[in-house]
Amino acid sequence: MLKLNKKVLSDFGLDIPDVIMTGLSNELKEKTIQQSIKPSNQTSKHLNKRKNISNLNYEEVKQEYLQQQEQIEILQAKIRRLEHVLKLKDMIINELLTILQHKQPNH
Numbered sequence: 003m004l005k006l007n008k009k010v011l012s013d014f015g016l017d018i019p020d021v022i023m024t025g026l027s028n029e030l031k032e033k034t035i036q037q038s039i040k041p042s043n044q045t046s047k048h049l050n051k052r053k054n055i056s057n058l059n060y061e062e063v064k065q066e067y068l069q070q071q072e073q074i075e076i077l078q079a080k081i082r083r084l085e086h087v088l089k090l091k092d093m094i095i096n097e098l099l100t101i102l103q104h105k106q107p108n109h
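The opening position of the sequence shown corresponds to residue 3 in our numbering, with each subsequent residue numbered one higher.
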């Protein structure tokens, strides 16, 4: 495994001495063993903490979604208002064109 890691790192242009790689590998093995020996109480605390974080993330995403929905509704209302204003302006233009046509002498 050490050779594989060294090869992968060398592909990225990183030349790490064997002593450091061995030390990191041994440290990782020790941490893995320690984590597997941890009492289940710590594991359940960790799971509860992750669950709380997940719930917090869910609430944040939900709140962001609701804010975006509110923004969408506001923008849709603005679009409806602008469409209404556009129709009113079209009506006024048509009325003015009709008045203008009646006032022009016939050719």
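For glycine and all other residues, C-beta sits at the position ideal for the given N, C-alpha and C.
Please state whether DSSP places residue i in a helix, a strand or coil.
| i | result |
| --- | --- |
| Ile18 | coil |
| Gln36 | helix |
Do you know offhand how far residue i's Cα is from residue j's?
| i | j | result |
| --- | --- | --- |
| Leu102 | Lys80 | 33 Å |
| Arg83 | Asn59 | 36 Å |
| Leu68 | Glu75 | 11 Å |
| Thr124 | Ile39 | No answer is possible for residue 124: the residues shown for the chain start at 3 and end at 109. |
| Glu32 | Phe14 | 27 Å |
| Asn57 | Thr34 | 28 Å |
| Gln37 | Leu30 | 10 Å |
| Leu16 | Glu62 | 40 Å |
Can you find a heavy atom of the ligand SAH that lies under 7 Å from the Cβ of residue i?
| i | result |
| --- | --- |
| Asp13 | No copy of the ligand SAH appears in this structure; indeed no ligand is present at all. |
Contact criterion: CB-CB distance below 8 Å. Does residue i meet it with respect to chain D?
| i | result |
| --- | --- |
| Ile81 | Chain labels in this structure do not include chain D; a single protein chain is all it has. |
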